[in-house]
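K.L.:
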Amino acid sequence: MKILVLNGPNLAALGRREPDVYGTASLAELDAACVAWGAEHGAEVTCAQSNDEGALIDRLYAAEDDGVAGVVFNAGGYTHTSVALRDAIAAIDVPVLEVHLSNVHAREAFRRESLIAPVCRGSIAGLGPAGYRAAIEAFARGVGA
Ligand code: DQA
């Protein structure tokens, strides 16, 4: 089973970006952990990050073309703004699990709204890297199949 872990804008700065909110692990460390968590379940995890909305949209369509079984997606700030990303998630047949490191519901009011949540299979927020692990394991156990 192929799983894509897709991270959006500013997540390349993990570890040095607001560590009190997002933790001290770098994106490279998070990516390596995701690959290992997938491997525990025989899943092949590929990781990608972009600050660019269009590149994220292209990556979602490419995931469908590549036969990816599930996308673990932290859309960062685009979560709260992007109709185009929502449309791409709705357009593809691949199930998407929305993940946020922080508890977006316990922060500023504008973070409480997710434009992508209604077209995602489910959402996890506030668990840090463990949220990515839970999403990978959910796909590996057949959620979305
Ligand atoms: C985030 C939450 C978003 O509101 C924020 O814009 C991010 C990170 C998270 O992982 O907690 O960039 O998606």
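Numbering (the working numbering), first residue to last: 2 to 146.
By construction, the Cβ of each residue, glycine as well, lies at the ideal position given by its N, Cα and C atoms.
If valine 105 and alanine 118 are in contact, beta carbons under 8 Å, what's the gap, nearest whole angstrom?
P.N.:
Not quite, the Cβ-Cβ distance comes to about 10 Å (not below 8 Å), so this is no contact.
K.L.:
What are the start and end residues of the alpha helix (DSSP H) that includes cysteine 35?
P.N.:
It spans 28 to 40 - the alpha helix (DSSP H) in which cysteine 35 sits, taken as one unbroken run.
K.L.:
The beta strand (DSSP E) that contains isoleucine 125, what's its start and end?
P.N.:
123 to 126 is the extent of the beta strand (DSSP E) around isoleucine 125.
K.L.:
Give the range of the beta strand (DSSP E) segment to which alanine 131 is assigned.
P.N.:
Here alanine 131 belongs to no beta strand (DSSP E); instead the alpha helix (DSSP H) covers 130 to 141.
K.L.:
Quick one: is the Cβ of valine 144 within less than 7 Å of any heavy atom of the ligand DQA?
P.N.:
No, the Cβ of valine 144 stays beyond 7 Å of every heavy atom of the ligand DQA.
K.L.:
Does the Cβ of arginine 134 lie closer than 7 Å to at least one heavy atom of the ligand DQA?
P.N.:
Checking the Cβ of arginine 134 against the ligand DQA gives no.
K.L.:
Beta carbon of leucine 7: closer than 7 Å to some heavy atom of the ligand DQA?
P.N.:
Leucine 7: no, Cβ never under 7 Å from the ligand DQA.
K.L.:
Can you tell me which of the three DSSP states glycine 77 falls into?
P.N.:
Three-state DSSP puts glycine 77 in a helix.
K.L.:
Say yes only if the C-beta of threonine 82 is nearer than 7 Å to one or more non-hydrogen atoms of the ligand DQA, and no if none qualify.
P.N.:
No, the beta carbon of threonine 82 sits no closer than 7 Å to any heavy atom of the ligand DQA.
K.L.:
Please return the same chain residues whose Cβ sits closer than 7 Å to the Cβ of proline 96, not counting the five positions on each side in sequence.
P.N.:
Gly71, Arg122, Gly145.
K.L.:
Is the beta carbon of threonine 80 sitting closer than 8 Å to the one on serine 115?
P.N.:
Yes, the Cβ-Cβ distance between threonine 80 and serine 115 is below 8 Å.
K.L.:
On the criterion of 16 or more Cβ atoms from any shown chain inside 10 Å, does alanine 63 qualify as buried, or is it exposed?
P.N.:
So alanine 63 counts as exposed.
K.L.:
Should asparagine 75 be counted as a contact of the ligand DQA given a C-beta to heavy atom distance under 7 Å?
P.N.:
At least one heavy atom of the ligand DQA is nearer than 7 Å to the Cβ of asparagine 75, so yes.
K.L.:
Between which two residues does the beta strand (DSSP E) carrying valine 120 extend?
P.N.:
Note, valine 120: premise wrong, no beta strand (DSSP E); not H, not E.
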